[in-house]
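The next block holds one structure in the form of structure tokens; read it before the comments.
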Amino acid sequence: MDDTKDLKLQIKEMIVATLNLTDVNPADILDDQPLFSGENVITLDSIDGIELIMAIQRQFNVRLDDQNLARNILNTVDAMAEFITSKQAS
Amino acid sequence: MSGTQLPFEHKMSAHCETGTLSSQLAFHGMELSEALIFGIGSGIFFGYFNNKRFAFPTFIVRSKPGQIRKNLTKRLGIKFETETFKTPQQAQEKLDALLAKGIPPATQVDFFFMDYLPQYLRVHINVHFINVVGKTEGGDYLISDCYYPKIVELAKESLQKGRFAGGSMAPEGFLFYPTFIPKEFDFEKAVRKGIKKACFNMLKIPIPFLGIKGMRKFANHITEWPKLAIDAEDLSHQVSKINILLEDQGTGGAGFRFMYATFLKQAAEILKQPELVDFSKRMMDNGDKWREISLMAARMGRNRDLSVEKLREVGALIHERANVEERFFKELAKVVK
Numbered sequence: 370m371d372d373t374k375d376l377k378l379q380i381k382e383m384i385v386a387t388l389n390l391t392d393v394n395p396a397d398i399l400d401d402q403p404l405f406s407g408e409n410v411i412t413l414d415s416i417d418g419i420e421l422i423m424a425i426q427r428q429f430n431v432r433l434d435d436q437n438l439a440r441n442i443l444n445t446v447d448a449m450a451e452f453i454t455s456k457q458a459s
Numbered sequence: 091m092s093g094t095q096l097p098f099e100h101k102m103s104a105h106c107e108t109g110t111l112s113s114q115l116a117f118h119g120m121e122l123s124e125a126l127i128f129g130i131g132s133g134i135f136f137g138y139f140n141n142k143r144f145a146f147p148t149f150i151v152r153s154k155p156g157q158i159r160k161n162l163t164k165r166l167g168i169k170f171e172t173e174t175f176k177t178p179q180q181a182q183e184k185l186d187a188l189l190a191k192g193i194p195p196a197t198q199v200d201f202f203f204m205d206y207l208p209q210y211l212r213v214h215i216n217v218h219f220i221n222v223v224g225k226t227e228g229g230d231y232l233i234s235d236c237y238y239p240k241i242v243e244l245a246k247e248s249l250q251k252g253r254f255a256g257g258s259m260a261p262e263g264f265l266f267y268p269t270f271i272p273k274e275f276d277f278e279k280a281v282r283k284g285i286k287k288a289c290f291n292m293l294k295i296p297i298p299f300l301g302i303k304g305m306r307k308f309a310n311h312i313t314e315w316p317k318l319a320i321d322a323e324d325l326s327h328q329v330s331k332i333n334i335l336l337e338d339q340g341t342g343g344a345g346f347r348f349m350y351a352t353f354l355k356q357a358a359e360i361l362k363q364p365e366l367v368d369f370s371k372r373m374m375d376n377g378d379k380w381r382e383i384s385l386m387a388a389r390m391g392r393n394r395d396l397s398v399e400k401l402r403e404v405g406a407l408i409h410e411r412a413n414v415e416e417r418f419f420k421e422l423a424k425v426v427k
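Protein chains in written order, with this note's numbering: chain E, 370 to 459; chain P, 91 to 427.
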């Protein structure tokens, strides 16, 4: 498994654990499908979004300090992985 | 007028007013970051309002709309043309005339009528700012909205509805655009003044519900909210609004505290005062704590966990923020003397 795949799985596990989604298998969450609009196996709301922002900060030590960009970054697992990778590299 | 799109560089940003100002200035050749605009404009603030004008107590985390632009005029000498209109027709005629002259103005709208945004984001907020950057052959408008990833079409009817929405801060077709940008600026002086005024606003305005005093009033008063709410549903909605006001309404995160932290980091370089980097870090940490309050309120609202004890816990956290920010702004005022 390459680093990006590993990171995406970590993100999915973080989502499931943070939001206590006991009936969701992390591997079933699709990388490129929106998480907020009912097009993925889970549908998040804005409160879930804040929970995830704080979980990303705790787990990956990167701060998502722009709420408008957050909407786009939290939209898919792909976008979260790209954001975390770019922040950790900078 | 046939279809046209002005060469306007679209940028996303954290907050509509500062983002729109930044884009407007960029169109006229001046690059000024959103955070610098916010800081020079003394945007950071706090106020708690519990009076007859409001159906329920509410709070603000920034200075009133328009004040940042006015402060830019005072501190950097940038002049803006501003105008409101009596009728939608007059407002549209002026907009078309400006576009025909190659000027893409910013205008105030109600967020709700911005059809291009996803439904779940569209709530009635009538102090949203967008740039109008062109017109289609069919007579609709091309919009640069800092909350949307690209320039997008908006039906002329929707734009009109947005520009003439009602409410206490009704837009009345308000539009603005820069008319004069000085060739040279004293950024150091402007940044220093922006910080000093922010410190004054937070610490010294002699009104008991503004600045740090407002935070303490909020912290003390929140346990009274159950008596003021119509019912449990209403209380749940009002408590959830704490999260919306801190995080969801284009605040840049944590009630603008993150944006102010970014400003202070940039100010450290402009003023050649590296100690401001430490202030920036402290403000970031402060933002994290506001975000925790925001999340706690959101959870309470969602779970209907609204006991007085729980509200007292929120109040204690807000008191803590008041103490931290009071110390912060007192020390900051000394550093930028």
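Don't be surprised by glycine CBs; every beta carbon is placed ideally from N, CA and C.
> What is the DSSP secondary structure of residue 101 (chain P), reduced to helix, strand or coil?
Replying inline: Within the second sequence, numbered from 1, the residue matching residue 101 (chain P) stands at position 11. In this structure, residue 101 (chain P) counts as coil in the three-state DSSP scheme.
> Which residues mark the beginning and the end of the alpha helix (DSSP H) in which residue 198 (chain P) is found?
Replying inline: Translated into the one-based positions of the second sequence, residue 198 (chain P) becomes position 108. Element bounds for residue 198 (chain P): not the alpha helix (DSSP H) but the beta strand (DSSP E), 196-199.
> If we cut at 8 Å on Cβ distances, does residue 415 (chain P) have a partner in chain E?
Replying inline: On the second sequence, residue 415 (chain P) is found 325 positions in, with the first residue counted as 1. It does not; no Cβ of chain E falls within 8 Å.
> Taking the alpha carbon of residue 137 (chain P) as the point to measure from, which residue in P:166, P:345, P:188 has its own alpha carbon closest?
Replying inline: Position 47 of the second sequence, counted from the first residue, corresponds to residue 137 (chain P). Out of P:166, P:345, P:188, P:345 has the C-alpha closest to the C-alpha of residue 137 (chain P).
>> Suppose contacts are defined by Cβ-Cβ distances below 8 Å. Is residue 327 (chain P) in contact with residue 140 (chain P) by that definition?
In response: Taking the first residue of the second sequence as 1, we reach residue 327 (chain P) at position 237. Taking the first residue of the second sequence as 1, we reach residue 140 (chain P) at position 50. No, Cβ-Cβ distance for residue 327 (chain P) and residue 140 (chain P) is not below 8 Å.
> In terms of alpha-carbon separation, which member of P:418, P:383, P:415, P:325 lies closest to residue 406 (chain P)?
Replying inline: On the second sequence, position 316 is the one that residue 406 (chain P) refers to. Residue P:383 is the option with its Cα nearest to residue 406 (chain P).
> Can you list the residues of chain E that residue 385 (chain P) reaches, using a CB-CB cut of under 7 Å?
Replying inline: For the purposes of this step, residue 385 (chain P) is taken as the residue at position 295 of the second sequence. Neighbours of residue 385 (chain P) on chain E, chain order: 419, 420, 423.
>> According to DSSP, simplified to helix, strand and coil, what is residue 453 (chain E)?
In response: Counting from one through the first sequence, the residue named residue 453 (chain E) turns up at place 84. The answer is helix: DSSP assigns residue 453 (chain E) an H, G or I state.
> In chain P, what lies closer than 8 Å to residue 438 (chain E) by C-beta?
Replying inline: Here the question's residue 438 (chain E) lines up with position 69 in the first sequence. In chain order: 102, 104.
> So which residues on chain E does residue 381 (chain P) lean against when the C-beta distance must stay under 8 Å?
Replying inline: By one-based count along the second sequence, residue 381 (chain P) stands at place 291. Within 8 Å Cβ-Cβ: 419, 422, 423.
>> To be precise: take each residue of the stretch 372-403 of chain E, compare its Cβ to all Cβ atoms of chain P, and keep it if any distance is under 7 Å. Which residues remain?
In response: none
> Looking only at its own chain, which residues have a Cβ that is under 7 Å from the Cβ of residue 194 (chain P), when we skip the five neighbours before and after it?
Replying inline: The residue you call residue 194 (chain P) lines up with position 104 of the second sequence. The answer, listed in chain order, is 96, 98, 117, 221, 222, 223.
>> Using a Cβ distance threshold of 8 Å, determine whether the stretch 199-206 of chain P contacts the stretch 241-249 of chain P, with at least three qualifying pairs required.
In response: yes
> For the stretch 387-456 of chain E, which segments carrying the alpha helix (DSSP H) assignment without a break, of at least 4 residues, lie completely within its bounds, in sequence order?
Replying inline: 415-429, 436-442
> Is residue 377 (chain P) close to chain E, meaning its C-beta is less than 8 Å from at least one C-beta of that chain?
Replying inline: In the second sequence, counting from the first residue as 1, residue 377 (chain P) sits at position 287. So yes, residue 377 (chain P) belongs to the interface.
> Per DSSP, which one or two residues make a beta bridge with residue 155 (chain P)?
Replying inline: Stepping through the second sequence from its first residue, residue 155 (chain P) is reached at position 65. Its beta-bridge partners do not exist; DSSP assigns none.
>> Distance cutoff 8 Å, beta carbons only. Does residue 374 (chain P) sit that close to anything in chain E?
In response: Walking along the second sequence from the start, residue 374 (chain P) turns up at place 284. So yes, residue 374 (chain P) belongs to the interface.
> What are the partner residues of residue 234 (chain P), as DSSP defines its beta bridges?
Replying inline: Along the second sequence, read from residue 1 onward, the residue named residue 234 (chain P) stands at position 144. P:221.
> If contact means a Cβ-Cβ distance below 8 Å, which residues of the stretch 197-208 of chain P contact chain E?
Replying inline: 208
> With burial defined as no fewer than 16 other Cβ atoms inside 10 Å of the residue's Cβ, what is the status of residue 387 (chain P): buried or exposed?
Replying inline: Here residue 387 (chain P) is taken as the residue at index 297 of the second sequence, counted from 1. Classification of residue 387 (chain P): buried, given that the 10 Å Cβ count is 16 or more.
>> Which residue wins for smallest C-alpha separation from residue 238 (chain P), given the options E:441, E:450, E:452, E:445?
In response: The count along the second sequence starts at 1 and reaches residue 238 (chain P) at position 148. Out of E:441, E:450, E:452, E:445, E:441 has the C-alpha closest to the C-alpha of residue 238 (chain P).
> Is the Cβ-Cβ distance between residue 167 (chain P) and residue 272 (chain P) less than 8 Å?
Replying inline: The count along the second sequence starts at 1 and reaches residue 167 (chain P) at position 77. The count along the second sequence starts at 1 and reaches residue 272 (chain P) at position 182. A contact, by the Cβ cut-off of 8 Å.
> What does a CB cutoff of less than 6 Å around residue 306 (chain P) pick up in its chain, not counting 5 residues either side in sequence?
Replying inline: Numbered from 1 along the second sequence, position 216 holds the residue referred to as residue 306 (chain P). Answer for residue 306 (chain P): 412, listed in chain order.
>> Since residue 369 (chain P) and residue 293 (chain P) should fall inside the 8 Å C-beta cutoff, what is the C-beta to C-beta distance between them, to a whole number of angstroms?
In response: Residue mapping note: residue 369 (chain P) aligns to position 279 of the second sequence, counting from 1. Residue mapping note: residue 293 (chain P) aligns to position 203 of the second sequence, counting from 1. Their Cβ separation, rounded to whole angstroms, is 15 Å, which puts residue 369 (chain P) and residue 293 (chain P) out of contact at 8 Å.
> Expressed to the nearest angstrom, what Euclidean distance is found between the alpha-carbon atoms of residue 379 (chain E) and residue 419 (chain E)?
Replying inline: Position 10 of the first sequence, counted from the first residue, corresponds to residue 379 (chain E). Position 50 of the first sequence, counted from the first residue, corresponds to residue 419 (chain E). The straight-line gap from Cα to Cα measures roughly 18 Å.
>> With a threshold of 8 Å between beta-carbons, can residue 455 (chain E) be considered close to chain P, or not?
In response: Against the first sequence, residue 455 (chain E) aligns to sequence position 86. Residue 455 (chain E) does not count as touching chain P.
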